[in-house]
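Quick note on full-length UniProt numbering: the sequence shown kicks off at 1 and runs consecutively. Let me begin by presenting the structure, written as structure tokens, before commenting on it.
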Amino acid sequence: HASFADYIVTKDRSGGMYCNEIEQHTLLSHATLNHMNNLRFNICDLPSSFLEDKDVPKIEDRLKNISDTLDYACTFWGYHIARSNGNKRLMEGLEIFLENKSVFWIEAMNLMKKL
Numbered sequence: 001h002a003s004f005a006d007y008i009v010t011k012d013r014s015g016g017m018y019c020n021e022i023e024q025h026t027l028l029s030h031a032t033l034n035h036m037n038n039l040r041f042n043i044c045d046l047p048s049s050f051l052e053d054k055d056v057p058k059i060e061d062r063l064k065n066i067s068d069t070l071d072y073a074c075t076f077w078g079y080h081i082a083r084s085n086g087n088k089r090l091m092e093g094l095e096i097f098l099e100n101k102s103v104f105w106i107e108a109m110n111l112m113k114k115l
């Protein structure tokens, strides 16, 4: 039998519980881009940019500055955008993010060891 995920995204079977995947990915795209506005220079307040991450004292404590929600946003924004409807507002938000926050995104992803 079909899984719940298959059920919920098939309009004929799910009726009022139907979930439009493209709309949901579009909403999640906006949410992740909006949340990544919290990215900033030196988000983990590292004492020096001359130290390798492994040499930063108590780096695990500093990584708490990157919330689980921000971690998710940084990790999956591209996945959601690729599956979104790519509307004008979303593309404008993506352009703003890339112009203003992409370097901070790279920094966060590096600190989370996801690059």
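Using N, Cα and C, we set each Cβ at its ideal position, and we do this for glycine too.
query, result
"Using beta-carbon positions only, say whether H25 and R83 come within less than 8 Å of one another.", "yes"
"For I59 and I106, what's the separation of their Cα atoms in angstroms?", "17 Å"
"Quick test of the definition: if touching needs 3 or more C-beta pairs under 8 Å, does the segment 86 to 97 touch the segment 31 to 42?", "yes"
"What would DSSP say about T26, mapped onto helix, strand or coil?", "helix"
"Taking 6 Å as the limit between beta carbons, can you name the residues of its chain near Y18, skipping five residues before and five after?", "K11"
"Does DSSP put V103 in a helix, a strand or coil?", "helix"
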